[in-house]
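> Quick one: this structure, given as structure tokens, is what I'll be asking you about.
Right, dumping it as structure tokens:
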């Protein structure tokens, strides 16, 4: 849970419009579900910049696919994609690797990649939509809480910065 709270804090700390930050994050989640591990961050940052969304939050979103989560994510996306991509439904992937089966596996690579892509898109779209609204909620709540804390601290701090007194309508004293 600490990892998640740190991620929410980091996402919420990004400067900019909360909607664009959330859109970038959702885009990153979507890209993270596709079989592009290794270039996901570059793809997400490029697309976010192209769409004028936040590229930093997009790069954060792709971390849904880590070396620890990739087998589960790609396993599920393959199964979903293979159900849709009918030419793969009869074929099974080997559960162990043998050198003599390498040519057969390489011949199936385009079909496997297609199934992974289809499954990634089908699972990535709803996950990205949910991620957008969750990120937007957390960003707005974090910023509200941060502003509330600032106001509270201003009231009891023994010192004030010059810009604090200006914001409250007081004129700073000149020396």
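In this note's numbering, the protein residues as written are 5 to 179.
For each residue, glycine too, the CB sits at the ideal point set by N, CA and C.
What you are looking at is a predicted structure, and each value in this text was computed from that prediction instead of being measured.
1) What would DSSP say about residue 187, mapped onto helix, strand or coil?
2) In the DSSP assignment, find the unbroken alpha helix (DSSP H) run with residue 17 in it and report its ends.
3) When you compare the region 136 to 144 with the region 67 to 76, are there three or more beta-carbon pairs, one atom per stretch, that lie closer than 8 Å?
4) Between the C-alpha atoms of residue 83 and residue 147, what's the straight-line distance to the nearest angstrom?
5) Buried or exposed: where does residue 35 fall if 16 or more other Cβ atoms within 10 Å of its Cβ makes it buried?
6) Can you tell me the Cβ-Cβ gap for residue 65 and residue 30, rounded? I've got them flagged as a contact below 8 Å.
7) Go through its chain and collect everything with a Cβ distance to residue 61's Cβ below 7 Å, but skip five positions before and after it.
8) Should residue 120 be labelled buried (16 or more other beta-carbon atoms within 10 Å of its own) or exposed?
9) By the 10 Å Cβ neighbour count, where 16 or more other Cβ atoms means buried, how is residue 6 classified, buried or exposed?
10) Given a cut-off of 9 Å, decide if residue 45 and residue 131 are closer than it, judged by their beta-carbon atoms.
11) Spatial neighbours of residue 179 within its chain, please: CB distance less than 6 Å, with the 5 preceding and 5 following residues excluded, ordered by chain position.
12) With 16 other CB atoms within 10 Å as the buried threshold, where does residue 136 fall?
13) Helix, strand or coil: which one does DSSP assign to residue 148?
14) Look at the alpha carbon of residue 54 and the alpha carbon of residue 48, and state the distance between them as a whole number of angstroms.
Let's see:
1) Past the boundaries of the shown model lies residue 187; the chain is included only from 5 to 179, so the question cannot be answered.
2) The residue you call residue 17 lines up with position 13 of the chain shown. No alpha helix (DSSP H) contains residue 17, which DSSP labels as neither H nor E.
3) no
4) Within the chain shown, numbered from 1, the residue matching residue 83 stands at position 79. Within the chain shown, numbered from 1, the residue matching residue 147 stands at position 143. If I take the Cα positions, the gap works out to 40 Å.
5) Taking the first residue of the chain shown as position 1, residue 35 is located at position 31. Per the 10 Å Cβ criterion, buried.
6) On the chain shown, residue 65 is found 61 positions in, with the first residue counted as 1. On the chain shown, residue 30 is found 26 positions in, with the first residue counted as 1. Their Cβ separation, rounded to whole angstroms, is 7 Å, which keeps residue 65 and residue 30 in contact under 8 Å.
7) For the purposes of this step, residue 61 is identified with residue 57 of the chain shown, where counting begins at 1. Within the same chain, residue 61 has close Cβ partners 15, 18, 25, 28, 29 and 32.
8) The residue you call residue 120 lines up with position 116 of the chain shown. Residue 120 is buried by the Cβ-count criterion.
9) Here residue 6 is taken as the residue at index 2 of the chain shown, counted from 1. With fewer than 16 other Cβ atoms within 10 Å, it is exposed.
10) Reading the chain shown from its first residue, position 127 is the one you call residue 131. Reading the chain shown from its first residue, position 41 is the one you call residue 45. It is not a contact, given that the beta carbons lie outside the stated cut-off.
11) Your numbering for residue 179 matches position 175 in the chain shown. Since pLDDT at residue 179 reaches only 49, below the 50 mark, its modelled position is unreliable, and the value read off the structure follows with that caveat. So no residue of the chain qualifies.
12) What you label residue 136 is simply residue 132 of the chain shown in a count that begins at 1. It counts as buried.
13) Counting from 1 along the chain shown, the entry for residue 148 is found at position 144. Three-state DSSP puts residue 148 in a helix.
14) Reading the chain shown from its first residue, position 50 is the one you call residue 54. Reading the chain shown from its first residue, position 44 is the one you call residue 48. For residue 54 and residue 48, the distance between alpha carbons rounds to 10 Å.
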